[in-house]
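Undergrad: The structure is given below, and queries will be raised subsequently.
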Amino acid sequence: MRIDKLSLLNFRCFRQLDITFDEHITILVAPNGAGKTTVLDAIRLALFPFI
1 MRIDKLSLLN FRCFRQLDIT FDEHITILVA PNGAGKTTVL DAIRLALFPF
51 I
């Protein structure tokens, strides 16, 4: 399974966020509190029925 895009709307600290992931690898780099874990949690919640 490959995730190409993530769109968030009113999820935790993000009012709106659209991320298009690279074909090979994506690295999340940001200061503490910027929402890196929130992005990973959103992916986990989206995939929960499948894993």
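Numbering (the UniProt record's numbering) for the sequence shown: 1 to 51.
Backbone N, C-alpha and C define an ideal beta-carbon position, used for all residues, glycine too.
Note that the coordinates shown come from a computational prediction; the quantities given were computed from them, not determined experimentally.
1) Here's the rule: buried if 16 or more other CB atoms are within 10 angstroms of the residue's CB, otherwise exposed. What is A42?
2) Where DSSP assigns a beta bridge to D18, which residues make up the other side?
3) Any idea what DSSP makes of I26, helix, strand or coil?
4) For F48 and D22, what's the separation of their Cα atoms in angstroms?
TA: In short:
1) Locating residue 42 in the sequence shown gives position 42, where the first residue counts as 1. Looking at its Cβ environment, which holds 16 or more other Cβ atoms inside 10 Å, A42 is buried.
2) For the purposes of this step, residue 18 is taken as residue 18 along the sequence shown, with counting starting at 1. According to DSSP, D18 bridges with S7.
3) Translated into positions along the sequence shown, residue 26 becomes position 26. Ile is not the amino acid found at residue 26; the sequence shown has Thr there. T26 falls in the coil class under three-state DSSP.
4) Taking the first residue of the sequence shown as 1, we reach residue 48 at position 48. Taking the first residue of the sequence shown as 1, we reach residue 22 at position 22. Each residue's Cα considered, the two are about 22 Å apart.
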